[in-house]
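Q: Provided herewith is a single structure, encoded as structure tokens, for subsequent inquiry.
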Amino acid sequence: MKMRQVYLDNNATTPVDPRVFEAMRPYYVEDFGNAASIHTYGQKAHCAVEDARGQVADLIRARPNEILFTSGGTESDNTALRGVAARHQSRGNHIITTSIEHSAILRTCEQLEKEGFCITYIPVDRKGMVRLDKLKEAIDDQTILISVMHGNNEIGAIQSIEHIAAMARERKILFHTDAVQTVGKIGVNVEELSVDLLSLSAHKMHGPKGVGALYIRRGVSMNPLLFGGSHERSRRAGTLDVPGIVGLGKACELSNEALEAFNTRVRALRDKLEKGILEQIPDTVVNGSRTERLPHLTNISFRSVEGEALLISLDFQGVAVSTGSACSSGTVEPSHVLTALGGNQKLRDSAIRFSLSRMNTKNDVDYVLQILPGIVERMREVSPLYRAG
Amino acid sequence: MKMRQVYLDNNATTPVDPRVFEAMRPYYVEDFGNAASIHTYGQKAHCAVEDARGQVADLIRARPNEILFTSGGTESDNTALRGVAARHQSRGNHIITTSIEHSAILRTCEQLEKEGFCITYIPVDRKGMVRLDKLKEAIDDQTILISVMHGNNEIGAIQSIEHIAAMARERKILFHTDAVQTVGKIGVNVEELSVDLLSLSAHKMHGPKGVGALYIRRGVSMNPLLFGGSHERSRRAGTLDVPGIVGLGKACELSNEALEAFNTRVRALRDKLEKGILEQIPDTVVNGSRTERLPHLTNISFRSVEGEALLISLDFQGVAVSTGSACSSGTVEPSHVLTALGGNQKLRDSAIRFSLSRMNTKNDVDYVLQILPGIVERMREVSPLYRAG
Amino acid sequence: MYSEKARQLITELPNRGTLANATHTSSVENPVCGDITHFYLRVENGVICDCRFQTFGCPGALAASAAVTVLCKGRTLNEVQQLTRKAILEYLGGLPSHKLHGVDLAIEALRQAIGKS
Amino acid sequence: MYSEKARQLITELPNRGTLANATHTSSVENPVCGDITHFYLRVENGVICDCRFQTFGCPGALAASAAVTVLCKGRTLNEVQQLTRKAILEYLGGLPSHKLHGVDLAIEALRQAIGKS
Ligand SMILES: Cc1ncc(COP(=O)(O)O)c(C=O)c1O
Ligand SMILES: Cc1ncc(COP(=O)(O)O)c(C=O)c1O
Ligand code: FES
Ligand code: FES
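Chains F, R, G and V, in that order, give the protein sequences. Counted the way our numbering counts, the first sequence spans residues 1 to 389. Counted the way our numbering counts, the second sequence spans residues 1001 to 1389. Counted the way our numbering counts, the third sequence spans residues 2001 to 2117. Counted the way our numbering counts, the fourth sequence spans residues 3001 to 3117.
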């Protein structure tokens, strides 16, 4: 008998929706043209790409020509930061971001520091909410860009982007948000958020890996990151990944339709899981805000239990979870996000992120609630740190 | 009755081989894990990626850990140039390349010029061969990198890379070659070529779009282009495109097996096509070297006939060709490669590139030879420039 | 990308070639793209009774020039003077946006031809 | 990634917990990764007749510590002193490369335990 498989690591990546795959399929073997070619093969590919551009734009309420296709969230983030930095350096050399950004932002900022830019990392409070007072203080007349993530990948904290974007707009500072974890999960409207730049990635919303997009508000000028052919109106060189882009478009369309269900059904599953764990397993604590939070995940520390050991024990029983950011080298490094929240270091190393998707079922949650207490109990029996109560 | 379809634009992009697609298929909906995740889903993905790395390495006779996966040839080229430039700028600010490189190299070089680097563009002779004497002259003690393409995408000219790489090695200068158009078509051996860096792209060899690789010789140090997670041993951030990478690996394996056939069967088809055109249609001339050339393409000028008009007329009859580089914006700009060869401007605007693949048949060639003479004749009847003889 | 009408014109290239007994001719080149159009008209009593063209140029220029010859034949010089970009594009069923200036080339060639006899 | 043996040890965690009547104990922490191992041995006439462990650490550290307890039980202190990294890894059927230092943690904890009585 095959073991039950329960995938609860949807913030790391999601299964491609079979309908997305079907949409992509014709563009590999048959309609394989290069979207830049002017013959019929090329024009078919070109049309497919433009349809997808419309689907992406629709989901975030942008105009199609404000959508730039990239190779994923990481490239979108790199393009936003480096593109603005390079183009606007004559106006100033100061960039503001936060201490809980994804590494695609943090590492790029570190590189920009080496190149002479000045970066301010705004701290967060114990709930993971960016300190708006500190952010306001940090703005000066050298500030050219503020980048604050929308929903955090590890704890799900949702920042009040409209608020921060308004602050930036008032001072004529460009504003970017990494919305890789929110687009397709909660309503994201670039007009309401009032952002200039926004990153998204297909594989976090049942689309394929290796494709994403950067929303660039009309009129925002920036340098390309990839130079070469004049694809994407000379804003990003490289032959377009036609099937990938079609998949991103379809994933956007399907997510759009499922937004409501996500917010009700998936949220209910998450709540059931979280409540079950907190009730059945003593000495557990939820990391980060439980209110300003994405509806599909919970990050829980199991006191005195080492996270990776718990992860592997769950894996041996068919349950996939994460200890934090999986976007790493396959080794577990202490989470900079949980570190930024402050608090006990060992509790940080005991954190498990459960992230659901619209493909999860009540049975999935029941299975986890059935096996998890026993595993945690055994791991505590082996833990030199555990004293019950 | 459906019109016959003949695709002879394989330098722009190739159809995915059905066996490649079958290899990729499981990694979308089922084995969809993130290769950086430590649970079973992640490990399956990780193993698939490492198998593919081996397949790529095998094709070019490299070691697996010398293969870096990218989003395509453009990113590979950008990474090579900018990565070396950024890391080695303390040693010098001079880079040598040629006037017939792909725009992914040329535009990146132009950007580096804006950032203070000094670039020498070596001219070519009338056959499209890089002037080695000029190249030798151009080397000085500020030179940190030489980048010369292996096979040209428009005319197919193959440069004597071993020769140039040896020159570079002697002077301790890093050497990069853009082999996007040669890998999988002729034997490419990084040891024999003695290169430090080599770009390749899957979609030029019946693999998927949006994935490529950069060979980085062990010991060569360079900066990343994309910053973020520590994927690819911190040399390129971004969630790995697992199915795409699997497809690249499979495409490498299949190309490896088909190399011999490519060099005989595809070459014979190309020769038949070229000979047929030159014999049946007066006032035609082959652009570039006919000896030091890729076996699968011919670039022919049809005197007094405008290239794009001929391209479209062929397209109306089901035949896809190109007027030069298709890696562009969908508008036809004069070819910088044919310009670099020198000669008549109108002849340059009359050029058509026919590029074959292992999927083409004798019937394809026969069909083109059947319809092309009539089309050219009609286009010459309408041309104010044509005087027969 | 190209309408049925444009495809037909590009494929058949009606009225192509020169006219030995032309009363009006022109030769126009777009300096940017290098496309060239020649017109040859035979006008009798103010009516264009025959009309030919030659074009070295992109599909848009070919289609537009051919369209103009078709639209001109049998019309008076006066009528033809009113021939607009819009009318030609309508006849063509549109052109790709980066090919629209092919119509201007054709109109310019027509104007030059009927301007000088 | 983990061998059958390692999986089994991590799942069952044999010999886990403390030993009330231990004659030898140790407490070791890897300062880099923060993994902690405690060993509890009861030695009679130079023979380890019982052995327990506690570990707060990664799966590699858990598997290695458990392996060491299994390998120690019923052996003499002398024999156990010879216990190598290689022997433990062999018993484990290997470990992922970035988990190999979990074995060193277990060996160090064993050494400390039998070093002091
Ligand atoms: C918040 C956030 N930003 C950026 C990324 C990077 O996106 P990608 O995996 O498409 O490179 C991720 C996930 O990896 C993420 O969670
Ligand atoms: C010689 C050469 N280099 C680089 C590229 C760019 O590769 P990609 O299309 O994968 O971005 C191409 C093709 O577009 C090419 O022909
Ligand atoms: S490209 Fe200029 S008229 Fe055709
Ligand atoms: S991670 Fe260091 S011993 Fe496990």
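Note that the Cβ used here is the ideal one computed from N, Cα and C, for glycine as well.
Is the closest heavy atom of ligand 5 to the C-beta of A1104(R) under 7 Å?
A: This structure simply doesn't include ligand 5; it includes ligand 1, ligand 2, ligand 3 and ligand 4 instead.
Q: Chain A beta carbons: is any one of them nearer than 8 Å to that of T2055(G)?
A: The question asks about chain A, but that chain is absent: this structure's protein chains are F, R, G and V.
Q: Could you compute how far the alpha carbon of R290(F) sits from the alpha carbon of I300(F)?
A: Whole-angstrom Cα-Cα distance: 11 Å.
Q: In terms of residues, what are the limits of the beta strand (DSSP E) holding G212(F)?
A: Per DSSP, G212(F) belongs to the beta strand (DSSP E) from G212 to I216.
Q: When you compare the stretch 1348-1358 of chain R with the stretch 1292-1308 of chain R, are there three or more beta-carbon pairs, one atom per stretch, that lie closer than 8 Å?
A: In short, these stretches touch, since the Cβ pair count reaches three.
Q: Going by the CB atoms, is the gap between G247(F) and G238(F) shorter than 8 Å?
A: Cβ atoms of G238(F) and G247(F): not closer than 8 Å.
Q: Which value, in whole angstroms, describes the spacing of the CA atoms of Y1007(R) and G33(F)?
A: Spanning the two alpha carbons is a distance of roughly 10 Å.
Q: Count Cβ pairs between the stretch 1185-1193 of chain R and the stretch 1148-1166 of chain R that sit closer than 8 Å; are there 3 or more?
A: Yes: at least three Cβ pairs fall under 8 Å.
Q: Please name the residue, chosen from L1347(R), F1021(R) and I1105(R), that lies closest to P26(F) on a Cα-to-Cα basis.
A: For the residues L1347(R), F1021(R) and I1105(R), the minimum Cα distance to P26(F) belongs to F1021(R).
Q: Any C-beta of chain R sitting closer than 8 Å to the C-beta of L2095(G)?
A: Answer no: the Cβ-Cβ gap between L2095(G) and chain R never drops below 8 Å.
Q: Please list the terminal residues of the continuous beta strand (DSSP E) segment that includes C2058(G).
A: Taken as a continuous stretch (DSSP letters only), C2058(G) belongs to no beta strand (DSSP E), as it is neither H nor E.
Q: Could you spell out where the alpha helix (DSSP H) holding V1056(R) opens and where it closes?
A: Looking at the DSSP string, the run of the alpha helix (DSSP H) that includes V1056(R) is T1040 to I1060.
Q: F1302(R) bridges to which residues according to DSSP?
A: DSSP lists T1284(R) as partners of F1302(R).
Q: Could you check how far apart the C-beta atoms of T1182(R) and G1151(R) are, in whole angstroms? I think they sit under 8 Å.
A: Sure, about 4 Å apart at Cβ, within 8 Å.
Q: Could you tell me whether the Cβ of N93(F) comes closer than 8 Å to any Cβ of chain R?
A: Chain R contact via Cβ: absent.
Q: Return the bridge partner residues of E192(F) from the DSSP annotation.
A: For E192(F), which the question treats as bridged, DSSP gives no partner whatsoever.
Q: Pairing CB atoms from the stretch 1046-1055 of chain R with CB atoms from the stretch 1273-1281 of chain R, are three or more of them under 8 Å?
A: The stretch 1046-1055 of chain R, when compared against the stretch 1273-1281 of chain R, does not touch it at the 8 Å Cβ threshold.
Q: Taking 7 Å as the cut-off, is the beta-carbon of Q2112(G) closer than that to any non-hydrogen atom of ligand 1?
A: Because no heavy atom of ligand 1 lies under 7 Å away, the Cβ of Q2112(G) does not count as near it: no.
Q: Can you confirm whether H2101(G), when its beta carbon is compared against all beta carbons of chain R, has any partner nearer than 8 Å?
A: No, no contact with chain R.
Q: Can you find the residues in the same chain that come closer than 7 Å, C-beta to C-beta, to Y1215(R), ignoring five residues on each side of it along the sequence?
A: These residues qualify, in order along the chain: I1060, A1062, E1066, I1067, V1190, L1197 and L1198.
Q: Strictly under 8 Å for the Cβ-Cβ distance: is C3058(V) near chain F by that measure?
A: Answer yes: the Cβ-Cβ gap between C3058(V) and chain F drops below 8 Å somewhere.
Q: May I ask you to report which of helix, strand or coil DSSP gives C2051(G)?
A: Three-state result, C2051(G): strand.
Q: Distance, Cα to Cα, L1314(R) vs V1321(R)?
A: C-alpha separation (whole angstroms): 8 Å.
Q: Is any non-hydrogen atom of ligand 1 found closer than 7 Å to the C-beta of H203(F), if you look at the structure I gave you?
A: Result yes, Cβ under 7 Å from ligand 1.
Q: Assess contact between the stretch 200-220 of chain F and the stretch 1090-1104 of chain R, defined as three or more Cβ pairs (one per stretch) separated by less than 8 Å. Is contact present?
A: No, the stretch 200-220 of chain F does not touch the stretch 1090-1104 of chain R.
Q: Looking at M129(F) and ligand 1, is the gap between the Cβ and the nearest heavy atom below 7 Å?
A: Not so, every heavy atom of ligand 1 lies at least 7 Å from the Cβ.
Q: Mind checking if L3110(V) is an interface residue toward chain F, Cβ cutoff 8 Å exclusive?
A: No, no contact with chain F.
Q: Nearest chain F C-beta to V1376(R) closer than 8 Å, yes or no?
A: So no, V1376(R) is outside the interface.
Q: Quick one: which chain F residues come within Cβ less than 7 Å of T3011(V)?
A: Near T3011(V) (Cβ distances below 7 Å), the residues of chain F are S313 and F316.
Q: Quick check: what's the CA-CA separation for N1011(R) versus D2035(G)?
A: N1011(R) and D2035(G): Cα-Cα distance of roughly 27 Å.
Q: What's the C-alpha gap between T2076(G) and S2065(G)?
A: Distance between the alpha carbons of T2076(G) and S2065(G): 18 Å.
Q: Going along chain V in order, which residues have a C-beta closer than 8 Å to the C-beta of P384(F)?
A: Within chain V, the residues near P384(F) are S3027, I3036, T3037, H3038, Q3054, T3055 and F3056.
Q: With C-beta atoms as the reference, is Q3050(V) less than 8 Å away from K3073(V)?
A: Here the sequence assigns Asp to residue 3050(V), which means Gln is not the residue at that position. A contact, by the Cβ cut-off of 8 Å.
Q: Below 8 Å on C-beta distance, what does D349(F) contact in chain V?
A: The answer, in chain order, is G3034.
Q: Any heavy atom of ligand 4 closer than 7 Å to the CB of E3101(V)?
A: Residue 3101(V) is actually His in this sequence, not Glu. Because some heavy atom of ligand 4 lies under 7 Å away, the Cβ of H3101(V) counts as near it: yes.
Q: Please specify which runs of the beta strand (DSSP E), each continuous and at least 3 residues long, are wholly inside the stretch 64-108 of chain F, giving them in chain order.
A: Counting only runs of 3 or more, we get 67-70 and 94-98.
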